[in-house]
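Data block below; observations after.
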Amino acid sequence: MIHVINPGLLTTVQDLGRRGYTHLGLSPAGAADSVSFRIANLLAGNEANAPALEITLIGPTLEFETAATIAISGHGTTVSLPINQAFEVAAGTRLMVGPLSAGARAYLSVRGGFKVPQVMNSCATFLPAKIGGFDGRALRSGDKLAIGDRIQSGPRKLSSSFSYANLLPPDGPIRVTPSLQSDWFDHETIGRFYQQPFTVTDQSNRSGLRLAGEPTPSTGHGELLTEGIALGAVQVPPDGQPIVLFVDQQTTGGYPKIANVISADIPRIGQLRPRDEIEFQSVSLVQAAELLRAQERALHEAVS
Amino acid sequence: MRVEPASDSALFISFGDAISLEAHHRVILLFKAIQGLRDPRIWNLHPAYSSLLIDFDPVRLTHEELENVLAPLLAESGPSSLAAARQIEIPVCYDPELGPDLVMVAEHCHLTEEQVIAMHTGGDYFVYFLGFSPGFGYLGGLPNQLHVPRLATPRRQVQAGSVGLAGPQTGIYPNDSPGGWQLIGRTPWRMFDPRADPPSRLYPGDRVRFRRIDADEFERIRREQGQDR
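Same order as they appear, the protein sequences are chains B and V.
Mapping of the first sequence onto numbering that gives the first Met the number 0: position 216 corresponds to residue 215, and the numbering continues sequentially without gaps.
Mapping of the second sequence onto numbering that gives the first Met the number 0: position 17 corresponds to residue 16, and the numbering continues sequentially without gaps.
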């Protein structure tokens, strides 16, 4: 068992998401940065989808009743724990993850994965409706986590050529493709959208990131009939401040969408902190597909 | 019909820009036909009033390939009856403690409370789609006389099971949540239970009727549900 001494800011059990239920109004949830999540499981020698802990800004303090092998993946922690490599923890160890020095999220996987019940075919925590993960909620002090048996290989090491910053660039524009209502925004507004930095506000979470900047409202198209929303849609309510819809998003909505974050950059959205500044860059669907393939290749070559 | 990419991993199919029964039927037919494919490259389906959004695996499928997969289904999904639709009868208690806006709704509609209840239980409804929160169905088919505006100020907390009206629609809140619909009653049913199979009482395309129950039956059904789960 692993005892939660201090849960940190917001630590949840996640996997790659609960697919196949959006028609019931349930979004997939799952790791906000699926690339780092997958690396943590690769390093621990786990199945790709084994449940791991998603750490948000400030990590937990955990006490290990028995020895375990763990891996923490992300941009960095301030406490001098090894990052992006598997390491052993002796029985009785108290492990303090502490604040993350860069990025918004890190993933802690234990060899075997964390053992929580499958709910609707997934172990992901969906906080808005308290479904899945550890009792449908973020971890609390006093929780006890069991270790599972979802092992695939021995613990692995990152290959010498691997570059975390290449895989998930911390800087640089967020790449988007046009979305269903891009033509509801006039030329000038589209220009403003792509030529200014937006600030990620405190009103941001796994459901959506609310941005602040020069307003970019849609122009003169009236009301949109409620329709399905894709992950990473950038919707613009009447106040003109965009919202990037994220892993815990609502499945349908009625605000016009100016753009949609490409699949390869969705994990980068999961690394944005409040007060970070971002810019958007428009790419074609073909470029988006190439960027995703390159990311998948890099992930396959990540471990030696 | 309009088919266009919504993102690099989503395709959007629209059957018009207005709410209509015909568009609804086409959405549901296509939705069920795609589910029938059981194609692991198709991840999620989001039916709505007159459209269907399809999330797919962008590593294994392109928009063009998905369109080719769908072409035979789209050719079939012309207007046709939904005779096979499932019929659900939902018990609702309309006592004023459970439907705090019933009096206001009756006033707004120039009806008595009994008339509002009779019209609500007399209607034949259909589930356009589920959204807003897990298990929340948008039901069409509300009699014209019962069309009321949303509350000017949404409630911070609506009790799970509350039955509400908003514009041409009626619906049931599956969980305690904020909400702006006018509440006229409550069902003792648990509308969404992630551990049940199926987890949702409602499904896109279902036909729905409401059955009036008294406070005793409300409590009895609620207790039974508590023992079940």
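Backbone N, C-alpha and C define an ideal beta-carbon position, used for all residues, glycine too.
Keep in mind the model is a prediction, meaning the values are calculated, not measured.
Residue i - containing beta strand (DSSP E), residue span
i, result
"Met118(V)", "Counting along the chain, Met118(V) falls outside any beta strand (DSSP E), though it belongs to the alpha helix (DSSP H) covering Glu112 to Gly121."
"Phe128(V)", "Tyr124 to Leu129"
"Pro116(B)", "That residue, Pro116(B), is in no beta strand (DSSP E); it is neither H nor E in DSSP."
"Glu187(B)", "Where Glu187(B) is concerned, there is no enclosing beta strand (DSSP E), although the alpha helix (DSSP H) it sits in stretches over His186 to Tyr193."
"Arg174(B)", "Ile173 to Pro177"
"Val2(V)", "Arg1 to Ser6"
"His2(B)", "Ile1 to Asn5"
Buried or exposed by the 16-neighbour rule on C-beta atoms within 10 Å, applied to residue i
i, result
"Thr10(B)", "buried"
"Ala137(B)", "buried"
"His299(B)", "exposed"
"Gly112(B)", "buried"
"Leu99(B)", "buried"
"Leu42(B)", "buried"
"Asn304(B)", "Residue 304(B) lies beyond the stretch modelled for chain B, which goes from 0 to 303, so this question has no answer here."
"Asp264(B)", "buried"
"Glu226(B)", "buried"
"Val2(V)", "exposed"
"Arg139(B)", "exposed"
"Pro46(V)", "buried"
"His62(V)", "buried"
"Asn239(V)", "With chain V covering only 0 through 228, there is no way to say anything about residue 239(V)."
"Pro237(B)", "exposed"
"Arg174(B)", "buried"
"Gly178(V)", "buried"
"Ser162(B)", "exposed"
"Leu36(V)", "exposed"
"Thr215(B)", "buried"
"Lys256(B)", "buried"
"Val78(B)", "exposed"
"Ser132(V)", "buried"
"Pro196(B)", "exposed"
Cross-chain neighbours of residue i in chain B, by beta carbon under 9 Å
i, result
"Thr61(V)", "Leu284 and Ala288"
"Phe217(V)", "Neighbours of Phe217(V) on chain B: none; closest Cβ ~24 Å, over 9 Å."
CB contact below 8 Å: residue i versus chain B
i, result
"Ile18(V)", "yes"
"Ser161(V)", "no"
"Glu66(V)", "no"
"Tyr172(V)", "no"
"Val207(V)", "no"
"Pro242(V)", "This structure leaves residue 242(V) out entirely; chain V is present only between 0 and 228."
"Pro203(V)", "yes"
"Arg228(V)", "The predicted position of Arg228(V) is uncertain, since its pLDDT is 43 and thus under 50; no value can be drawn from it."
"Phe125(V)", "no"
"Gly134(V)", "yes"
"Phe131(V)", "yes"
"Phe14(V)", "no"
Where residue i meets chain B, residues with beta-carbon distance less than 8 Å
i, result
"Ser8(V)", "Ala229, Leu230 and Ser262"
"Val58(V)", "Leu291, Arg292 and Glu295"
"Leu51(V)", "Gly227"
"Ala47(V)", "Leu224, Thr225, Glu226, Gly227 and Thr251"
Cβ of residue i within 8 Å of any chain V Cβ
i, result
"Asn40(B)", "no"
"Arg18(B)", "yes"
"Asn204(B)", "no"
"Thr251(B)", "yes"
"Met119(B)", "yes"
"Asn259(B)", "yes"
"Ala128(B)", "yes"
Contact set between residue i and chain V, taken where Cβ atoms lie within less than 8 Å
i, result
"Ser178(B)", "Ala5 and Ser6"
"Ile173(B)", "The contacting residues do not exist; Ile173(B) stays about 13 Å from chain V at best."
Per-residue contacts from residue i into chain C (C-beta, under 7 Å)
i, result
"Leu44(V)", "No chain C is part of this structure, whose protein chains are labelled B and V."
Partner residues on chain B for residue i, Cβ-Cβ distance less than 7 Å
i, result
"Pro95(V)", "Chain B residues near Pro95(V): none, gap ~29 Å exceeds 7 Å."
"Arg200(V)", "By Cβ distance, chain B contributes nothing, its closest Cβ being about 10 Å from Arg200(V), past 7 Å."
"Gly139(V)", "Neighbours of Gly139(V) on chain B: none; closest Cβ ~12 Å, over 7 Å."
"Gly166(V)", "Correct list: empty, because the minimum Cβ distance to chain B is about 12 Å."
"Arg194(V)", "Val118"
Neighbour list for residue i in chain V, Cβ cutoff strictly below 9 Å
i, result
"Pro27(B)", "Trp42, Asn43 and Asp54"
Near the ligand GTP: residue i beta-carbon under 7 Å from a heavy atom
i, result
"Ser8(V)", "Annotation note on the ligand GTP: not contained in the displayed structure, which lists no ligands."
Start-to-end residues for the alpha helix (DSSP H) that takes in residue i
i, result
"Pro266(B)", "Ile265 to Ile268"
"Leu166(B)", "Tyr163 to Leu166"
* **beta strand (DSSP E) runs contained entirely in the segment 43-114 of chain B, provided each spans 3 or more residues** => Listed in chain order, the complete beta strand (DSSP E) runs (minimum 3 residues) inside the segment 43-114 of chain B are 51-55, 60-63, 67-72, 85-88, 93-95 and 104-109.
* Asked: At which residue ranges does the segment 36-89 of chain V contain complete alpha helix (DSSP H) runs of 4 or more residues, listed in the order of the chain?
  -> Whole alpha helix (DSSP H) segments, 4+ residues: 62-75.
* Every unbroken beta strand (DSSP E) within the segment 198-234 of chain B, with a cutoff of 3 residues, ordered by chain -> Every beta strand (DSSP E) stretch that sits fully inside the segment 198-234 of chain B and reaches 3 residues is listed by chain position as 207-211 and 232-234.
* Hey, which unbroken runs of the beta strand (DSSP E) at 3 residues or more fall wholly within the segment 129-214 of chain V? -> List check, beta strand (DSSP E) in window: 136-139, 154-157, 161-165, 168-171, 176-178, 181-185 and 206-212.
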